[in-house]
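Novice: According to this note's numbering, the sequence shown is numbered sequentially starting from 513.
Got a structure here, written out as structure tokens. Questions coming.
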Amino acid sequence: MLHLHIDAEWPNLKRLKRVADIIREGGLVVYPTDTIYGLGCDITHKKSVERVYQMKGKDRKHPLAFICPDLKNIAKYAVVSNAAYRLMKRILPGPYTIILPASREVPRLMLSKSATVGIRIPEHPVTQALVEQLDNPLITTSVPSAGQVQFDDPGEIARRLPFLDVVIDCGLIAPQPSTVIDLTEDVPRLVRQGKGSIDTIPDIVLVGE
């Protein structure tokens, strides 16, 4: 395992390029975001995606979200309406997961039954610099927890999960879930309230209402 200490504000691009190369070859990486330490891989590397599912103990019927570098890149992997674009431009980058209709570019393994995808653009310099180095989006899911304990210490993650390929260490991160917003319809719907504020989205409705 490669355990890299990287400054959270001024990331070392040479080190991140090395991480990007490992990801392209099928490696699993733990990296910081604005909400949690995420576990990820290249979305097009099927064996790596399967490894993530195995580590998480997740059913394949529950697709994993992924990170794009910018709004332009999101439009490659999702169908983005004008209203959805305006809202995303207002709140991203930030601690939100956006649900959108998937485009044909999304690997089948990443699709939900409803052909939607969850996409993030975290507000974290290291995450942003890393995905900019990649050719494809990066899977994002929380690091497997120990019982009810959510990992916030990358050193502890490295000790408990030695079969990972890379751990990017930016110090402690107090874990908080992202706010999940469904933009597959005309009116934005709140699926989960997390770290991201919805105060600037007055017309949002709760799922089920």
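Even glycine gets a Cβ: it sits at the ideal position worked out from N, Cα and C.
Which same chain residues, not among the five before or five after Gln660, have their C-beta less than 8 Å away from its C-beta?
Specialist: Because Gln660 carries a pLDDT of 49, less than 50, the predicted location of this residue cannot be relied on, and the following value inherits that uncertainty. Here the set comprises nothing.
Novice: What I want to know is whether the C-beta of Ile610 ends up closer than 6 Å to one or more non-hydrogen atoms of the ligand SAH.
Specialist: Judged by which ligands are present, the structure shown has none, so any question about the ligand SAH falls away.
Novice: If you check the beta carbons only, do Leu514 and Leu642 fall under 7 Å apart?
Specialist: no
Novice: From what residue to what residue does the beta strand (DSSP E) around Thr652 run?
Specialist: Leu650 to Ser654
Novice: Please name the residue, chosen from Val679, Gly550 and Lys584, that lies closest to Pro607 on a Cα-to-Cα basis.
Specialist: Gly550
Novice: Can you tell me which of the three DSSP states Pro666 falls into?
Specialist: If DSSP states are grouped into helix, strand and coil, Pro666 belongs with the helices.
Novice: Counting Cβ pairs, one atom from each stretch, are 3 or more of them under 8 Å apart for the segment 579-596 and the segment 559-571?
Specialist: No contact exists between the segment 579-596 and the segment 559-571.
Novice: Using CA atoms only, rank isn't needed, just tell me which of Leu612, Lys588, Tyr589 and Pro605 is closest to Ala596.
Specialist: Leu612
Novice: Nearest CA to the CA of Pro666: which residue from Asp647, Pro649, Ala686 and Asn648?
Specialist: Ala686
Novice: Pick helix, strand or coil for Arg632, following the three-state DSSP scheme.
Specialist: strand
Novice: If I measure Cβ to Cβ from Leu525 and keep anything under 7 Å in the same chain, skipping five residues before and after, which residues do I get?
Specialist: Answer for Leu525: Ala641, listed in chain order.
Novice: Measure the alpha-carbon distance for Pro674 versus Arg563 and round it to whole angstroms.
Specialist: 14 Å
Novice: For Ser531, does the count of other Cβ atoms within 10 angstroms reach 16, so buried, or fall short, so exposed?
Specialist: Ser is not the amino acid found at residue 531; the sequence shown has Val there. Buried is the call here.
Novice: Which whole runs of the alpha helix (DSSP H) in the segment 537-620 are 4 residues long or more, in chain order?
Specialist: 558-568, 583-589 and 594-603
Novice: When we look at the beta-carbon of Leu599 and count the other beta-carbons within 10 Å, is it buried (16 or more) or exposed?
Specialist: buried
Novice: Specify the secondary structure class of Val679 as computed by DSSP and reduced to three states.
Specialist: strand
Novice: May I ask you to list the residues that DSSP assigns as paired with Leu702?
Specialist: Ile693 and Leu718
Novice: Put Leu642 into one of helix, strand or coil per three-state DSSP.
Specialist: In this structure, Leu642 counts as helix in the three-state DSSP scheme.
Novice: Just to confirm the assignment, what range does the beta strand (DSSP E) spanning Leu684 have?
Specialist: Segment: none, Leu684 is in no beta strand (DSSP E) and carries neither H nor E.
Novice: Indicate whether the contact test is met: 3 or more Cβ pairs, each with one atom in the segment 615-624 and one in the segment 689-708, closer than 8 Å.
Specialist: no
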